[in-house]
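**Q** Chains as they are written, first to last, in the UniProt record's numbering: chain A, 1 to 343; chain B, 1 to 343; chain C, 1 to 343; chain D, 1 to 343. One structure is given below, represented as structure tokens, and several questions about it will come after.
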């Protein structure tokens with residue numbers, strides 16, 4: 001039983017990654033890849049790693065009927081075209097922020113005017129580690145945002161163990177240039193962006209809304225650093241009571257011991273003692289770890305993902321696997337590379 | 001029919017890549033990973049991408065009996081231990097330079113004193129695109145060197161078409177830091193090596209010997225540039241007679257049309273018009289392309305590989321697949337990533 | 001009136017920068033450069049940018065008599081050799097941590113056993129923006145640490161304006177590979193360190209002691225990122241009362257309006273809206289800026305320096321200028337470059 | 001006697017560097033900085049390193065009368081506005097390619113239709129190491145191209161010593177992203193350009209014309225690599241007769257012993273044995289070196305510059321110094337940094 005799948009917005013970074021994943025997925029047949037800007041060109045024209053794939057971009061206006069449609073379009077497009085998408089496919093997985101928030105009020109607080117607010121309640125947010133059960137059978141899926149994913153994977157074990165404290169956690173995220181998408185103006189040019197430690201969203205990054213919705217308020221700041229792929233969240237948490245390292249190991253192990261895509265990495269010897277985006281580049285894995293700071297009564301949690309994968313296309317495929325009852329890890333087995341540079 | 005396989009020297013970069021490939025290979029069972037320096041540690045200690053693998057390094061003195069043994073040890077070790085290796089396995093694939101040259105004279109010209117020169121004639125060099133036929137059934141395989149591989153893949157079509165000319169081709173290779181291996185002194189430190197365009201082997205790089213053995217003499221120079229993985233060979237060739245772009249397309253297509261791991265990339269639009277190491281990072285693919293320079297009667301050939309994969313571990317697994325009659329591409333299907341930074 | 005100056009430990013990164021600064025300083029004559037490892041070699045051997053300088057490293061055991069001696073030796077060396085240093089020079093500027101803390105108790109809390117604790121009270125800490133007055137005429141100067149410098153420059157205006165709040169500030173610092181010095185083991189190799197976002201000191205970094213001594217307690221974490229030079233401190237501060245952006249501009253302007261090496265950078269258009277290490281690479285400048293987060297009652301302060309300059313050699317020369325009554329900016333006028341890569 | 005100077009096209013990379021150099025130049029007063037796109041903004045808006053400079057961009061249509069005008073406009077602008085420029089200033093230094101070639105025929109072979117061909121013969125090309133004498137008193141100066149500068153500095157000693165041979169030299173140049181200028185489309189975005197070894201001009205780069213004009217024909221290829229500043233030319237030369245390393249040292253020393261901005265770097269120990277762009281980043285210096293390849297009868301010459309400095313703005317100021325009888329090195333004394341990343 002193979003399912004057919006399409007990607008709308010397939011010439012962007014997340015779209016290209018979806019093509020790669022679906023082309024290698026044992027349960028999906030990749031049917032269609034649409035792109036407004038690259039219609040009729042081969043997918044290898046936009047994505048050099050996919051030169052071996054015999055597929056051309058088609059006009060997004062003409063959607064084939066498929067089992068699953070992945071929408072990797074810029075924010076705002078999915079809410080406009082959602083009826084077309086649902087007409088074309090039984091299951092729609094949207095990678096944009098359009099359907100991630102539960103209510104129109106929340107949406108209006110962070111974005112500008114939703115065109116289809118009545119659908120917000122129908123959509124299921126996808127961070128399988130958070131809400132796997134709700135995803136089973138879901139037909140409109142809003143795949144979680146990259147920075148929110150990294151942050152929530154770090155905070156969930158503490159939230160479950162009631163260790164977040166009454167003081168708002170501070171979250172300092174470092175991201176690669178692929179978060180800015182395939183276009184990019186002067187600030188994204190190599191000469192201006194190389195080697196940066198650049199305050200990218202000092203405050204008020206929109207992914208804060210997703211974190212607030214599921215975990216609670218955080219004081220959130222995003223920096224751009226010199227890598228292409230990767231999002232690394234460092235969460236500074238001040239629990240109300242004294243905790244031990246053993247407590248923390250307990251909390252993190254309990255939360256993640258059965259998770260196929262989460263690895264606990266904390267201390268030990270060697271070069272790679274804590275989570276790093278490099279170690280998961282190209283994969284759907286998240287590394288999560290922590291260190292206790294007794295002097296300051298602080299838990300420092302580190303969480304690292306590949307923003308294009310676990311933070312976007314991989315998360316979407318993972319969610320589709322769960323929604324459709326497919327083996328969760330199908331098509332997502334790549335283990336990553338060592339050594340690897342700025343991924 | 002699953003075959004058992006071991007990796008000797010598994011804590012180095014090529015060794016780690018072999019572990020990754022063999023663990024995901026449909027026809028091999030990974031049996032043993034040896035390391036002198038990391039004995040008893042998990043393979044994930046050295047290779048963070050392999051944290052999910054339940055395997056510990058063992059002492060290289062104790063080799064299990066397996067079907068295939070891959071030796072990823074520093075140059076000089078294999079010739080010392082070759083009897084042990086062959087006792088332990090029917091098929092030995094050596095990734096070092098120890099058995100790449102045909103004769104003791106050649107070896108002495110480029111290296112220092114071979115300990116088992118009588119075996120040189122028994123070993124089969126492995127660049128499947130060059131000598132696939134000889135590899136079938138081979139039991140002592142010398143996997144080709146990274147820079148030689150990149151260069152020969154660029155030159156072979158011209159050699160076959162008798163277009164190399166009487167003037168020696170100039171080959172200018174750019175390599176990443178992984179070529180220096182997992183150790184590295186002051187010159188390899190991040191602060192000293194970042195952002196370099198550094199003459200690494202201005203002349204007399206030993207891979208020249210392999211190229212000379214199979215294709216002929218070249219004037220060879222290697223630069224270190226700022227990437228971790230990748231080898232890119234630019235070959236400047238001066239044919240004796242005038243050629244057309246059509247002639248060149250003919251020569252390259254004829255040579256490579258049936259090759260599963262070679263992609264011709266030459267011109268066209270978009271960002272990626274010529275071979276680039278980024279486009280094949282993490283994969284066993286080579287990109288090969290060219291441009292004609294009529295003003296100077298020159299053919300410029302570009303060839304890009306991942307030195308740890310097509311230039312080392314991937315090549316070795318490819319050769320083992322051929323030698324043992326397995327599907328050539330088995331275990332080597334990863335397509336690479338886009339976008340990707342300094343891989 | 002030209003003063004003579006020497007550099008002990010001149011083959012390291014800070015030492016090389018001192019040589020460059022002193023060679024170009026209008027009031028200093030560079031007399032001697034010592035190095036244990038490179039004795040008798042030219043300074044250009046270690047520092048390629050100084051190939052034009054006709055000077056050779058000498059044995060650190062033989063110190064000439066000079067007016068000012070700069071010690072850029074590893075931590076622990078200065079306390080052993082401090083009598084030699086003071087015999088050789090009227091003014092000693094130590095770039096290590098040996099004399100930065102005021103009391104033996106403090107020292108023992110963060111380091112291991114001081115050999116000359118009685119001198120701690122004699123030494124003057126050097127962050128001219130903090131204690132310029134005390135530096136005038138000082139003869140034993142302990143130049144401030146790079147990460148402490150970046151952090152304190154960010155926090156001082158808030159401390160002065162009593163805006164630090166009762167909740168401990170969280171400080172998340174990102175640093176380049178030059179902080180690890182010129183040696184470097186496996187973790188510092190280019191292949192392992194390229195492209196990292198690596199928790200480098202999750203907690204308990206020793207520079208915390210200096211910050212605590214002068215500004216108060218902070219919850220401090222240091223990450224290694226992919227640059228060679230640079231330290232960027234992001235300080236998350238929670239004032240007890242509501243503040244406005246106008247209040248903050250007032251506090252920062254008042255603190256820094258007469259400072260020759262501090263630039264306020266906050267908002268505005270263009271690519272460079274906030275402090276970035278790139279913008280001050282190679283210079284003695286610090287960029288400091290902030291953004292208010294009303295949603296979370298938070299002030300986010302950004303502070304960026306070149307760790308080898310304002311965080312080390314430049315700071316030391318600045319301090320010597322102040323101590324000796326020389327024009328503060330003498331020898332430190334370089335404005336930095338644009339564009340510049342990973343500096 | 002201070003001279004007044006202006007920069008037209010001052011918001012670009014070369015223009016910003018001119019501002020920096022002129023603001024720190026002992027003999028020039030920086031009068032005006034024009035920019036079409038940034039009129040009325042501070043120069044620090046475009047160039048963060050110049051935030052301390054109290055100067056705003058003005059409209060390029062309104063040129064003040066000055067002693068020297070530097071034009072850092074895109075190719076084609078100077079030939080259109082040359083009369084305005086010469087009306088405004090006695091000495092015009094043009095950084096574009098508009099006046100570099102001697103004849104209209106040459107120009108038409110490489111570019112498209114010159115608007116003021118009659119001026120080509122009046123202009124003096126500026127590579128001071130090539131034609132210092134002609135520059136004295138010149139009033140229309142065409143500053144040499146970056147890649148041509150790097151290449152010619154490598155080849156001139158061999159040309160003078162008649163060692164270029166009858167076989168065309170092969171020149172393989174590696175350049176940083178600043179060569180593409182401050183704009184940049186998709187190919188220049190950080191995500192697409194990071195970590196590249198990208199054939200940038202496989203053949204027919206226009207700087208070939210300058211090299212041909214002064215040194216002779218070369219087979220020329222340019223690669224983009226991962227740095228922002230820097231151009232490194234590797235020249236493979238096949239002399240007709242056998243030469244010794246001693247002959248080469250003789251040739252290079254004789255050519256450059258009195259040159260203030262050329263350093264011979266060839267062999268020796270340590271990390272930096274050959275010319276590297278890193279070692280001269282931010283400076284007007286060129287490093288030149290070589291190695292003999294007896295096996296192939298080849299001389300490999302390495303030449304490294306900072307393309308924005310010695311390849312553009314620094315070269316232009318150097319030329320103005322020579323033309324106006326100012327000390328050659330005035331304003332160009334910066335020695336560069338060590339360590340430094342991808343500059």
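By construction, the Cβ of each residue, glycine as well, lies at the ideal position given by its N, Cα and C atoms.
Nearest-angstrom Cα distance between residue 181 of chain D and residue 207 of chain D?
**A** As a working mapping, residue 181 of chain D is identified with position 181 in the fourth chain. As a working mapping, residue 207 of chain D is identified with position 207 in the fourth chain. Computed Cα separation, rounded: 16 Å.
**Q** Taking three-plus beta-carbon pairs below 8 Å as touching, is the stretch 114-133 of chain A in contact with the stretch 78-94 of chain A?
**A** Yes: the two stretches touch, three or more of their Cβ pairs being nearer than 8 Å.
**Q** Got a sec? Which residues, its chain only, sit under 7 Å from residue 67 of chain A by beta carbon, not counting five neighbours each side?
**A** As a working mapping, residue 67 of chain A is identified with position 67 in the first chain. Excluding positions up to five away in sequence, the list reads 3, 4, 5, 89, 90 and 91.
**Q** Taking C-alpha atoms, which residue in B:270, B:121 and B:231 lies nearest to residue 284 of chain B?
**A** In the second chain, counting from the first residue as 1, residue 284 of chain B sits at position 284. That would be B:231, whose Cα lies nearest to the Cα of residue 284 of chain B.
**Q** Tell me, to the nearest whole angstrom, how far the beta carbon of residue 172 of chain A is from that of residue 73 of chain A; I am working on the premise that it is less than 8 Å.
**A** Reading the first chain from its first residue, position 172 is the one you call residue 172 of chain A. Reading the first chain from its first residue, position 73 is the one you call residue 73 of chain A. That belief does not hold up - the Cβ atoms of residue 172 of chain A and residue 73 of chain A are roughly 30 Å apart, past 8 Å.
**Q** Are residue 372 of chain B and residue 23 of chain B touching if we call contact CB-CB under 8 Å?
**A** Since the first and last residues shown for chain B are 1 and 343, residue 372 of chain B lies out of range.
**Q** Can you tell me whether residue 231 of chain C is helix, strand or coil according to DSSP?
**A** Start at 1 with the first residue of the third chain, and residue 231 of chain C comes out as number 231. Residue 231 of chain C: strand per DSSP, three-state reduction.
**Q** Does any CB atom of chain C fall closer than 8 Å to the CB of residue 336 of chain B?
**A** Here the question's residue 336 of chain B lines up with position 336 in the second chain. By this cut-off, residue 336 of chain B is not an interface position.
**Q** Residue 294 of chain A: buried (16+ other C-beta within 10 angstroms of its C-beta) or exposed?
**A** The residue labelled residue 294 of chain A in the question sits at position 294 within the first chain. Exposed: under 16 other Cβ atoms inside 10 Å.
**Q** Contact defined as beta carbons within less than 8 Å: I believe residue 143 of chain D pairs with residue 319 of chain D. What is the distance between those atoms, to the nearest angstrom?
**A** Numbered from 1 along the fourth chain, position 143 holds the residue referred to as residue 143 of chain D. Numbered from 1 along the fourth chain, position 319 holds the residue referred to as residue 319 of chain D. About 6 Å; that satisfies the 8 Å criterion.
**Q** Select from A:247, A:288, A:43 and A:34 the residue whose C-alpha is nearest the C-alpha of residue 69 of chain A.
**A** Here residue 69 of chain A refers to the residue found at position 69 of the first chain. When only C-alpha atoms are compared, the closest one is A:34.
**Q** Please list, in chain order, all residues of the same chain as residue 259 of chain A whose beta carbon is under 6 Å from its beta carbon, the five residues on each side excluded.
**A** Counting from 1 along the first chain, the entry for residue 259 of chain A is found at position 259. These residues qualify, in order along the chain: 129.
**Q** Rounded to whole angstroms, how far is the Cβ of residue 308 of chain C from the Cβ of residue 14 of chain C, which I believe are closer than 8 Å?
**A** Indexing the third chain from 1 puts residue 308 of chain C at position 308. Indexing the third chain from 1 puts residue 14 of chain C at position 14. The Cβ separation is near 6 Å, so the contact holds.
**Q** At a Cβ cut of 7 Å, what residues of the stretch 250-280 of chain C count as close to chain A, listed as they run along the chain?
**A** Going along the stretch 250-280 of chain C in chain order, one finds 271, 274, 276, 277 and 278 with a Cβ nearer than 7 Å to chain A.
**Q** Rounded to a whole number of angstroms, what is the C-alpha to C-alpha distance between residue 64 of chain C and residue 71 of chain C?
**A** Locating residue 64 of chain C in the third chain gives position 64, where the first residue counts as 1. Locating residue 71 of chain C in the third chain gives position 71, where the first residue counts as 1. Each residue's Cα considered, the two are about 13 Å apart.
**Q** Mind checking if residue 186 of chain D is an interface residue toward chain A, Cβ cutoff 8 Å exclusive?
**A** Counting from 1 along the fourth chain, the entry for residue 186 of chain D is found at position 186. For residue 186 of chain D, the answer is yes, since a Cβ of chain A falls inside 8 Å of its Cβ.
**Q** Anything in chain E within Cβ reach of residue 193 of chain B, meaning under 7 Å, just list it in chain order.
**A** In the structure shown, chain E cannot be found, because the protein chains are A, B, C and D.
**Q** Counting contacts by CB-CB distance shorter than 8 Å, is residue 182 of chain A in contact with chain D?
**A** Taking the first residue of the first chain as position 1, residue 182 of chain A is located at position 182. Cβ-Cβ to chain D under 8 Å: yes for residue 182 of chain A.
**Q** Can you confirm whether residue 341 of chain C, when its beta carbon is compared against all beta carbons of chain A, has any partner nearer than 8 Å?
**A** As a first step, residue 341 of chain C is located in the third chain; it is residue number 341 there, counting from the start. Yes, residue 341 of chain C counts as interfacial toward chain A.
**Q** Residues of chain C with CB under 8 Å from residue 178 of chain D, in chain order?
**A** Within the fourth chain, the letter at position 178 stands for residue 178 of chain D. Near residue 178 of chain D (Cβ distances below 8 Å), the residues of chain C are 339.
**Q** Check whether the stretch 260-273 of chain A touches the stretch 199-213 of chain A, counting contact only when three or more Cβ pairs, one atom from each stretch, lie closer than 8 Å.
**A** No, because fewer than three Cβ pairs between the stretch 260-273 of chain A and the stretch 199-213 of chain A fall closer than 8 Å, the two stretches do not touch.
**Q** Give the interface partners of residue 47 of chain C over in chain D, defined as CB-CB distance under 7 Å, in chain order.
**A** Mapped onto the third chain, residue 47 of chain C falls at position 47. Chain D residues near residue 47 of chain C: 338.
**Q** Strictly below 7 Å CB to CB, what residues from chain D border residue 282 of chain C?
**A** On the third chain, position 282 is the one that residue 282 of chain C refers to. Residues of chain D passing the Cβ test: 282 and 337.
**Q** Which residues, in order along the stretch 203-234 of chain D, keep a beta-carbon less than 7 Å from a beta-carbon of chain A?
**A** The residues in question are 228.
**Q** List, in chain order, every chain D residue whose beta-carbon is nearer than 7 Å to that of residue 20 of chain C.
**A** As a working note, residue 20 of chain C is residue 20 in the third chain. Residues of chain D passing the Cβ test: 335.
**Q** Evaluate residue 103 of chain A with the Cβ neighbour count: other Cβ atoms within 10 Å of its Cβ, from every protein chain shown; 16 or more gives buried, anything less gives exposed.
**A** Counting from one through the first chain, the residue named residue 103 of chain A turns up at place 103. With fewer than 16 other Cβ atoms within 10 Å, it is exposed.
**Q** From residue 139 of chain C to residue 25 of chain C, what distance separates their C-alpha atoms?
**A** Indexing the third chain from 1 puts residue 139 of chain C at position 139. Indexing the third chain from 1 puts residue 25 of chain C at position 25. Cα-Cα distance, rounded: 20 Å.
**Q** For residue 141 of chain C, does the three-state DSSP call read helix, strand or coil?
**A** Position 141 of the third chain, counting from 1, holds the residue named residue 141 of chain C. Residue state, collapsed to three classes: strand.
**Q** What in chain A is Cβ-close to residue 302 of chain B, meaning under 8 Å?
**A** For the purposes of this step, residue 302 of chain B is taken as residue 302 along the second chain, with counting starting at 1. Residues of chain A passing the Cβ test: none, with the nearest at roughly 13 Å.
**Q** Can you give me, in chain order, the residues of the stretch 2-32 of chain C that have a beta carbon less than 8 Å from any beta carbon in chain D?
**A** Under the 8 Å Cβ criterion, the stretch 2-32 of chain C contributes 13, 16, 17, 20, 23 and 24.
**Q** Which chain C residues are close to residue 50 of chain D, counting only those with a beta carbon under 8 Å from its beta carbon?
**A** Reading the fourth chain from its first residue, position 50 is the one you call residue 50 of chain D. Near residue 50 of chain D (Cβ distances below 8 Å), the residues of chain C are 335 and 338.
**Q** I believe residue 222 of chain D touches residue 175 of chain D by the beta-carbon criterion, under 8 Å. Please report the beta-carbon distance rounded to the nearest angstrom.
**A** As a first step, residue 222 of chain D is located in the fourth chain; it is residue number 222 there, counting from the start. As a first step, residue 175 of chain D is located in the fourth chain; it is residue number 175 there, counting from the start. That pair is a contact at about 6 Å.
**Q** Going by Cα to Cα distance, which pick from C:50, C:40 and C:107 is closest to residue 347 of chain C?
**A** For chain C, the structure presents residues 1 to 343; residue 347 of chain C sits outside this window and is missing.
**Q** Below 9 Å on C-beta distance, what does residue 239 of chain B contact in chain D?
**A** The residue labelled residue 239 of chain B in the question sits at position 239 within the second chain. Within chain D, no residue comes near residue 239 of chain B; the closest Cβ sits about 13 Å away, beyond 9 Å.
**Q** Hey, could you find the ends of the alpha helix (DSSP H) residue 246 of chain D is sitting in?
**A** The residue given as residue 246 of chain D occupies position 246 in the fourth chain. 245-256 is the span of the alpha helix (DSSP H), which, as asked, contains residue 246 of chain D.
**Q** Give me whichever residues DSSP pairs with residue 199 of chain C in a beta bridge.
**A** To locate residue 199 of chain C, count along the third chain from 1; it is residue 199. C:223, per the DSSP bridge assignment.
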